[in-house]
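Asks: One structure coming up, written as C-alpha cells, with questions to follow.
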Amino acid sequence: MSTDTGHLGIVHWRRSVWNGARCEPVLVTLCPDGLRVRDRSLGTVLQADPRAVACRLTRLGTLVLTVGGRRYALVGRGASLSPAPSAEQQRALEDAGRGRPGPGRPAARWTSCSTAARRR
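In terms of our numbering, the sequence shown is numbered consecutively and its last residue is 103.
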C-alpha cells in the first residue's frame, strides 16, 4: 500500500470565460504522479504531470490551470444553472474517501480537497 496522499474533490470547470453559467462539475485528482480532471461521465478532460502544469489564482477565486498552452478555469461553485455532480462523480469521491482503489489506481490514503480546506 502506498503512503502517498492524494487530494480529490469536485469543483466546477468554467468552460467559457464570458458565460459563467457554462460551468460543469469536474472531479479533480491530484497526487504526486499526476493531475487528472474528469467530467460528469468520468471521461478524462485533463491528465498531466503536476510539474507540467502552470497555475494562478485570480482575485475572484478562479484557479486557472495552463497545460500545453490550453487554459482550464476552475471555481469552487458553479452558477445557478450549472448541473449538479453526477452520481458517478459522487461515488468516485466517496470510494476514494474510504481508501478503496479504483480501476487502474493503486490504494492510497486520500484526502478530499473540501475536507482538507475545512481542517485549516
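Glycine included, each C-beta is placed from N, C-alpha and C at the ideal position.
Grab me the residues of Gly3's own chain with a C-beta within less than 7 Å of its C-beta, minus the 5 sequence neighbours each way, in chain order.
Replies: Result list for Gly3: Arg(-3) and Ala62, in chain order.
Asks: Give me the Cα-Cα distance between Glu7 and Gly(-11), rounded to the nearest whole angstrom.
Replies: Straight-line Cα distance between these residues: approximately 22 Å.
Asks: Can you give me the start and stop residues for the alpha helix (DSSP H) that Leu76 sits inside?
Replies: From DSSP, the alpha helix (DSSP H) with Leu76 extends over Ala70 to Gly80.
Asks: Among the candidates Arg74, Gly80, Arg19 and Asp78, whose CA atom is the shortest distance from the CA of Tyr55?
Replies: Per the Cα distances, Arg19.
Asks: Please return the same chain residues whose Cβ sits closer than 7 Å to the Cβ of Asp22, not counting the five positions on each side in sequence.
Replies: Around Asp22: Glu7, Val9 and Val28.
Asks: Gly52 to Ala75, Cα distance in whole Å?
Replies: Roughly 29 Å between the two C-alpha positions.
Asks: For Arg23, which beta-bridge partners are listed by DSSP?
Replies: Bridge partners of Arg23: none, in fact.
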